[in-house]
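Asks: Before anything else, here's the structure in question.
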Amino acid sequence: MTRPEPHDGFAWIDMPAGPALVCRPLERMAPHLFTTRPWALGSPTDTLAARDAAWRQLGEAAGAPPRHLARLHQVHGAAIIVHRRGSPAPAAADELPQADIIIADDPGMVLAVQAADCVPILIADARTGVVGAAHAGWRGLALRVPAMAVRALADAFGSRPGDLHVAIGPSISAARYEVGSDVRERFREAGFADERQAAWFPAETRSGHWLFDGARSAREQLQDAGVPDAQVHVAGLCTATHAELFCSYRRDGSRAGRLAAAMRRC
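Just add 1341 to the spot in the sequence shown (first one is 1) and you have the working numbering.
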């Protein structure tokens, strides 16, 4: 299959499960990867056994032994899970905590989030080594998930925004993502500056409908939280456009598989 050229320091790697993306500037700080549609998670699964097998495949690829892959029951919110070194192993699959941000200082734990158009975010602290993973659709972005993740790392582990390096994986592009005026209204109610809203909703496609740029929103929220722009890397690949490589709920509906972003501290 033809692979589109990623942006901003991202590169393709070949793994037994299929192609994956890594962000080269983050590699020396924290091993990580972004999966693609050929991975087992990329196919819709109807049974718990199939889902468990798909997550085991990811865990093995990321170097996580059994029960050391920390996942979330994602709910399009901004709740945070903090995993500290020495704390108990994460919950079983049917007991996952409801949250969209997870941070950790434990090198034995791999953090993972999933997406199928939403923005996957991986964060590494170059000074302390702590890491975080976040999932942000438009609801999460309206709730300031990127900034919440930065604040959580500071509160829990003493991270400074200037030491953070971030990889934003593939997500749906503005060109393929039309939303209603209710979405833009949510950002207005959240108090985002007018110039930010104008950039994130770059065009009105028809009455009451706008294009939405989630990756740009994530990047600029990280900047506003104090992360230097040069330390925020965006893959720049559209999940809805590249059907062979990426899963997209907007394109495929309920039969869409999932992509994963996984990271652990060195």
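Every residue gets a Cβ at the ideal spot worked out from N, C-alpha and C, and that includes glycine.
Excluding the 5 residues preceding and the 5 following residue 1545 in the sequence, name in chain order all residues of the same chain whose CB lies nearer than 6 Å to its CB.
Replies: 1551, listed in sequence order.
Asks: Can you tell me where the alpha helix (DSSP H) holding residue 1555 begins and where it ends?
Replies: Note, residue 1555: alpha helix (DSSP H), 1555–1565.
Asks: Which residues share a DSSP beta bridge with residue 1464?
Replies: According to DSSP, which records beta bridges pairwise, residue 1464 is partnered with 1473 and 1507.
Asks: Start and end of the beta strand (DSSP E) containing residue 1356?
Replies: 1351–1356 is the extent of the beta strand (DSSP E) around residue 1356.
Asks: Considering only their Cβ atoms, is the gap separating residue 1409 from residue 1473 smaller than 8 Å?
Replies: No, they are not a contact pair.
Asks: So which of 1479, 1535, 1442 and 1437 has the shortest CA-CA distance to residue 1602?
Replies: Cα-wise, what sits closest to residue 1602 is 1442.
Asks: Confirm, please, whether the CB-CB distance from residue 1588 to residue 1577 is below 8 Å.
Replies: No; because the gap between Cβ atoms is not below 8 Å, this pair is not in contact.
Asks: Would you give the residue range spanned by the alpha helix (DSSP H) that residue 1346 belongs to?
Replies: No alpha helix (DSSP H) contains residue 1346, which DSSP labels as neither H nor E.
Asks: When you compare only the Cα positions, how much space is there between residue 1520 and residue 1562?
Replies: Computed Cα separation, rounded: 20 Å.
Asks: Between residue 1349 and residue 1575, is the Cβ-Cβ spacing less than 8 Å?
Replies: Yes, the pair counts as a contact, with Cβ atoms nearer than the cut-off.
Asks: Give the straight-line distance between the Cα atoms of residue 1605 and residue 1465, rounded to the nearest whole angstrom.
Replies: So the alpha carbons of these two residues sit roughly 9 Å apart.
Asks: Which whole-angstrom value describes the C-beta separation of residue 1470 and residue 1364, a residue pair presumed to lie in contact below a C-beta threshold of 8 Å?
Replies: Between residue 1364 and residue 1470 the Cβ distance is about 16 Å, and since that is not below 8 Å, they are no contact.
Asks: Residue 1356 and residue 1506: beta carbons closer than 8 Å?
Replies: Cβ atoms of residue 1356 and residue 1506: not closer than 8 Å.
Asks: Taking only three categories from DSSP, how would you classify residue 1400?
Replies: Looking at residue 1400 - three-state DSSP - the assignment turns out to be helix.
Asks: Among all the DSSP beta bridges, which residues are the ones paired with residue 1604?
Replies: Partner(s): 1373 and 1452.
Asks: Give me, in chain order, the residues of the same chain whose beta-carbon lies closer than 7 Å to that of residue 1413; leave out the 5 immediate sequence neighbours on both sides.
Replies: The answer, listed in chain order, is 1422, 1437, 1438, 1440, 1441, 1443 and 1454.
Asks: For the ligand FMN, any of its heavy atoms closer than 7 Å to the Cβ of residue 1419?
Replies: The model depicted lacks the ligand FMN and carries no ligand whatsoever.
Asks: Going by DSSP, what residues sit across from residue 1512 in a beta bridge?
Replies: Residue 1512 pairs with 1579.
Asks: May I ask which residues mark the beginning and end of the beta strand (DSSP E) holding residue 1551?
Replies: Per DSSP, residue 1551 belongs to the beta strand (DSSP E) from 1550–1552.
Asks: From this set, 1503, 1540, 1501 and 1419, which residue's C-alpha is nearest residue 1483's C-alpha?
Replies: If we check each option's Cα against that of residue 1483, 1419 comes out closest.
Asks: Based on DSSP bridge pairs, tell me the residues matched to residue 1411.
Replies: 1452.
Asks: Assuming residue 1591 contacts residue 1513 (C-beta within less than 8 Å), just tell me the rounded distance between them.
Replies: Confirmed, Cβ separation roughly 6 Å.
Asks: By a C-beta neighbour count over all protein chains shown, 10 Å radius and 16 as the cutoff for buried, is residue 1343 buried or exposed?
Replies: Its Cβ having fewer than 16 others within 10 Å, residue 1343 is exposed.
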